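233 is the number that this note's numbering gives to position 230 of the sequence shown; each next residue is one higher, with no gaps.
Built from N, CA and C at the ideal position, the CB exists for glycine as well.
These numbers come from a predicted model, not from an experiment.
Below is one structure, written out as structure tokens; comments come after it.
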Amino acid sequence: MPDHRQDAKIDDPNLNNDSQMPENPRVLIFDSGVGGLSIFHEIRKLLPTVNILYACDNHQFPYGDKSETALIERVVTVLNMLVNTYTIDLIVLACNSASTIALPALRECLKQPIVGVVPAIKPASQLSSTKVIGLLATEGTVDRQYTKALIEDFAPDCQVFSLGSQRLVEIAELKLRKHAVDLKELKTILDALLKQPQANKLDTIVLGCTHFPLLADELKAVTEKNITWIDSGHAIAQRVDDLLRDRPSKEGNSSPSLDAVFTKACPQHQKIYPYLLDIGFQQIDTLEY
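Here it is as structure tokens:
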């Protein structure tokens with residue numbers, strides 16, 4: 004699969020360029036589910052010694068079907084609770100749905116720099132040779148005015164086919180709980196995008212939800228034509244790298260703390276715990292809210 008990534012979205016009005024990060028900074032990666040783990044993997048590749056707290060707001064999963072007002076209120080409330088409970092030096096809002104609307108409200112109440120992610124429309128328009136691109140995201144992200152503005156601003160010369168799918172989010176969550184991915188179902192979902200009228204020229208698809216890179220291999224397997232897939236994970240990791248100064252050397256031998264916290268204890272999400280332990284998480288907590 005071609006590995007073209009988006010420049011990360013940074014919303015960071017409070018960052019003092021002369022300030023210094025702690026010697027061992029802790030990065031908070033926040034999402035409503037496990038989609039942000041696609042961002043976690045990219046940050047770990049680039050910054051293997053950085054401390055990470057992965058926060059999953061599973062009590063209100065999924066975010067993609069929430070109203071803008073409810074989503075902003077929830078994200079602001081939970082992130083304030085997290086930064087008041089844990090020492091956090093930088094926040095990655097690893098959710099397209101939340102990033103497209105909640106960043107202005109977050110900057111009003113949080114002092115930490117915030118890296119958010121939005122659909123990679125701009126790089127997709129630059130990479131596409133046919134100028135026909137696809138956007139695969141949640142319904143909320145597809146319908147949001149912010150996303151429509153991205154298309155108008157950065158892809159005015161492109162035809163953009165959009166597909167909102169909450170089911171893909173659920174499939175990605177199930178995959179990490181050791182459920183087999185039904186490739187026939189995946190193909191049916193993707194065909195709704197690829198078989199639209201005039202979509203035969205489509206050569207680039209934006210993965211506009213952080214859950215979807217977790218299904219990258221399966222999406223490629225059910226695609227009959229050559230598609231360039233774009234996600235934002237690597238670019239976000241690079242932006243985090245830029246913002247973390249005076250950190251331990253990437254080649255150092257220190258063992259970082261890798262912790263996870265959920266906002267609700269439930270058997271369904273506890274099935275994710277073995278996967279988290281397998282990829283290096285040391286402690287998994289619940290902060291009920």
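query: For the stretch 108-185, list the beta strand (DSSP E) runs that are entirely contained and at least 3 residues long, ordered along the chain.; result: 117-119, 135-140 and 162-167
query: Closest Cβ-Cβ distance between Asp34 and chain B: below 8 Å?; result: This model lacks chain B altogether; it includes just one protein chain.
query: May I ask you to report which of helix, strand or coil DSSP gives Thr207?; result: strand
query: Taking Cβ positions, are Pro277 and Val53 nearer each other than 8 Å?; result: no
query: Mind checking whether Leu290 and Gly38 have CB atoms under 8 Å apart?; result: no
query: What would DSSP say about Val79, mapped onto helix, strand or coil?; result: helix
query: Excluding the 5 residues flanking Ala158 on each side, which residues of the same chain have their C-beta closer than 6 Å to its C-beta?; result: Ile124 and Ser128
query: Could you pull the start and end residues of the alpha helix (DSSP H) that Tyr89 belongs to?; result: First-last for Tyr89: undefined, no H or E at that position.
query: Answer with buried or exposed for Pro107, where buried requires no fewer than 16 other C-beta atoms within 10 angstroms of its C-beta.; result: exposed
query: Does the Cβ of Asn256 have 16 or more other Cβ atoms within 10 Å, making it buried, or fewer, making it exposed?; result: The pLDDT assigned to Asn256 is 48, lower than 50, so where the model puts this residue is not dependable; a value taken from the coordinates is nonetheless given after this. It is exposed - the Cβ of Asn256 has fewer than 16 other Cβ atoms within 10 Å.
query: Helix, strand or coil for Asp34, going by three-state DSSP, please let me know.; result: strand
query: Taking DSSP as the reference, what is the three-state secondary structure of Leu196?; result: helix
query: Please tell me whether Val81 and Ile42 are closer than 8 Å, where the distance is taken between their beta carbons.; result: no
query: So, does the stretch 218-227 touch the stretch 179-187, judging by three or more C-beta pairs under 8 Å?; result: yes
query: I need the straight-line Cα distance from Gln271 to Asp68, nearest angstrom please.; result: 20 Å
query: To the nearest angstrom, how far is it from the Cα of Lys274 to the Cα of Thr133?; result: 43 Å
query: Suppose you measure from the CA of Gln285 to the CA of Ala263; what does that come to, to the nearest Å?; result: 8 Å
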